[in-house]
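Have a look at the structure below before the remarks.
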């Protein structure tokens with residue numbers, strides 16, 4: 001099996017758990033949790049594919065996505081206590097997830113013949129738009145609009161991937177390096193509480 | 001005229017009224033009411049068609065949809081008092097609407113060659129996503145994330161339809177049975193205050 | 001260069017500034033500002049193109065859009081104080097923007113063979129849906145649902161354009177007249193505090 005496909009499914013699973021947990025915070029019921037899980041896991045790729053005209057979207061033809069999301073919701077309902085104790089593990093896989101989603105969006109866009117700037121943007125869209133939609137549907141201002149170097153890590157990762165491609169680096173090596181850099185940027189940002197500048201009425 | 005087409009238009013009309021009334025609750029103006037009516041009535045089918053790659057969506061080629069929604073908004077503005085007195089009638093047609101929308105989404109997906117799990121999901125999307133978008137745009141947490149066996153009724157209805165199809169039941173009979181079961185589940189759920197489990201920090 | 005294309009890019013630039021400023025009001029960071037700018041500037045056209053099945057959307061193949069939006073965000077961050085002093089100028093270009101976006105949506109829909117009612121609706125969608133999405137993502141009820149003759153100006157402009165087309169008026173003259181009428185309606189509405197009727201529990 002393709003390594004990136006394996007991590008895509010893993011990322012989908014982790015994003016679905018994150019969606020389910022955010023539904024729990026908002027006291028949503030099982031259906032609300034399912035909805036939040038699907039939106040978080042599939043929202044970014046769906047927006048990307050609709051914008052690029054690459055429909056039907058991938059998860060209506062490959063049943064692994066819907067299956068894993070359903071399993072993730074049930075799993076989270078049953079093992080909630082244990083999952084809450086695994087915050088660090090979840091955070092780690094979530095970061096792997098955004099790294100992989102970034103690369104998938106990037107490679108897909110390049111493969112369809114779009115230019116590198118669009119590909120970087122679509123990498124970021126794939127990685128973050130699901131979480132943005134999740135927050136919007138549960139009536140929060142999306143967290144990533146205010147905190148954390150999250151999208152920025154994806155942008156740097158995507159640029160690195162493009163740069164390394166120019167030197168004909170082996171694709172698998174490139175993917176691993178890119179994901180590692182995305183993880184590193186995010187960890188460093190959290191460790192040192194780095195955040196993006198704001199524009200406020202006081203500037 | 002096809003019976004399902006007639007009920008599709010009826011469901012569109014009732015969903016548009018429901019959108020207009022929710023706009024009234026939020027003190028939106030006529031344009032806000034139009035927007036809420038269109039989103040409620042067309043949102044689910046539009047998302048479904050974009051995801052499945054079945055565009056242009058149906059309501060840009062068949063003028064009955066836009067016409068009926070416009071009529072519904074005007075009608076609700078003019079006869080608001082009387083409509084408010086018809087809550088039970090509206091509720092009944094709304095339930096018929098979600099039943100019919102479920103079947104339309106299901107049959108369309110199957111007709112396009114997607115597998116039954118995707119078809120069930122698209123049935124539910126057709127029925128509930130318009131209301132979810134309506135609530136999100138007027139800045140509420142979607143009601144169906146927290147209350148009522150609504151989406152669940154659609155899921156059971158869709159599964160029943162698939163099951164009966166396996167026995168080569170006549171399509172019209174199948175549709176009627178499915179819609180009746182969706183109505184029945186919803187009524188029973190409301191009567192007995194049934195709701196889906198939640199996942200909370202206390203589990 | 002086509003005049004309408006020039007104004008399309010100008011409208012995109014001004015909408016991106018408006019998105020960035022609304023992000024500032026909500027204390028979003030640079031990424032939130034980028035997101036708001038892209039959504040405001042591109043949201044309407046993207047929804048239109050997805051609904052009409054005209055994908056990939058225009059801004060993934062013509063790099064001017066993404067470039068100008070990025071410039072607009074940086075520009076707004078750097079010159080915020082000066083921009084805040086240019087409210088009237090911004091308002092003027094914003095109104096030009098919605099006028100031009102209305103015509104672009106209208107002409108594109110007609111060009112694809114859709115009927116005039118759909119074309120008017122798609123003109124309005126092109127002009128207003130970006131702002132609606134911006135407000136929704138930053139967790140506000142969209143302003144245009146409650147105040148100002150904004151969408152209404154677009155509708156009247158679009159109808160005028162269709163009417164004048166029937167008389168074989170030169171396209172450029174028609175465009176200029178339409179945009180002027182949209183500007184005029186909006187200015188008159190603000191001057192005299194005109195607004196659309198509401199439907200409330202008291203009617």
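Residue numbers (the numbering used here), protein chains in the order written: chain A, 1 to 203; chain B, 1 to 203; chain C, 1 to 203.
Don't be surprised by glycine CBs; every beta carbon is placed ideally from N, CA and C.
CB contact check: residue i to chain A, cutoff 8 Å
i, result
"residue 97 (chain B)", "no"
"residue 132 (chain B)", "yes"
"residue 118 (chain B)", "yes"
"residue 100 (chain B)", "no"
Test: residue i CB closer than 8 Å to a CB of chain B
i, result
"residue 203 (chain C)", "Note that residue 203 (chain C) scores 44 on pLDDT, short of 50, meaning its location in the model is unreliable; the coordinates nonetheless yield the value given after this. Yes - at least one Cβ of chain B is within 8 Å of the one on residue 203 (chain C)."
"residue 90 (chain A)", "no"
"residue 190 (chain C)", "no"
First through last residue of the alpha helix (DSSP H) which encompasses residue i
i, result
"residue 116 (chain B)", "116 to 137"
"residue 191 (chain B)", "171 to 191"
"residue 165 (chain A)", "151 to 166"
Chain B contact residues for residue i, given Cβ-Cβ distances below 7 Å
i, result
"residue 30 (chain A)", "196, 197"
"residue 46 (chain A)", "51"
Contacts of residue i in chain C (Cβ-Cβ under 8 Å)
i, result
"residue 139 (chain B)", "136, 139, 140, 141"
"residue 156 (chain A)", "Here the premise fails: no neighbours, minimum Cβ distance about 12 Å."
Contacts of residue i in chain A (Cβ-Cβ under 9 Å)
i, result
"residue 57 (chain C)", "50, 51, 52, 53"
Option nearest residue i by Cα separation, candidates the options
i, options, result
"residue 141 (chain A)", "C:35, C:151, C:164, C:116", "C:35"
"residue 73 (chain A)", "A:15, A:197, A:160", "A:15"
"residue 71 (chain A)", "A:93, A:160, A:97, A:17", "A:17"
"residue 45 (chain C)", "C:33, C:25, C:133, C:92", "C:133"
"residue 155 (chain C)", "C:112, C:170, C:101, C:114", "C:101"
"residue 9 (chain A)", "A:63, A:92, A:166, A:80", "A:63"
"residue 20 (chain B)", "B:117, B:166, B:69", "B:69"
"residue 196 (chain B)", "B:166, B:149, B:157", "B:149"
"residue 121 (chain A)", "A:162, A:185, A:85", "A:162"
"residue 112 (chain A)", "A:177, A:191, A:48, A:43", "A:48"
"residue 24 (chain C)", "C:81, C:192, C:119, C:7", "C:81"
"residue 94 (chain A)", "A:167, A:187, A:78", "A:187"
"residue 212 (chain A)", "C:7, C:12, C:3, C:30", "Limits of chain A in this structure are 1 at one end and 203 at the other, which puts residue 212 (chain A) out of reach."
"residue 43 (chain B)", "B:131, B:184, B:191", "B:131"
Chain-ordered neighbours of residue i on chain B, where CB pairs are closer than 8 Å
i, result
"residue 115 (chain C)", "63"
Min CB distance residue i to chain C below 8 Å
i, result
"residue 60 (chain B)", "yes"
"residue 68 (chain B)", "no"
Contact set between residue i and chain C, taken where Cβ atoms lie within less than 7 Å
i, result
"residue 152 (chain A)", "31"
Chain-ordered neighbours of residue i on chain B, where CB pairs are closer than 9 Å
i, result
"residue 34 (chain C)", "Residues of chain B passing the Cβ test: none, with the nearest at roughly 22 Å."
Under 9 Å from the C-beta of residue i: neighbouring residues of chain C
i, result
"residue 121 (chain A)", "38, 60, 66"
Query raised in the report: Quick one: complete alpha helix (DSSP H) runs, 4+ long, within the segment 62 to 124 of chain C?
Result: 64 to 78, 80 to 84, 87 to 111
Query - Continuous alpha helix (DSSP H) assignments of at least 4 residues falling wholly in the segment 23 to 66 of chain B - result: 30 to 52
**Report entry** Contact residues within the segment 16 to 28 of chain B, judged by C-beta distance below 9 Å to chain E
**Finding:** Absent from the structure: chain E. Protein chains present are A, B and C.
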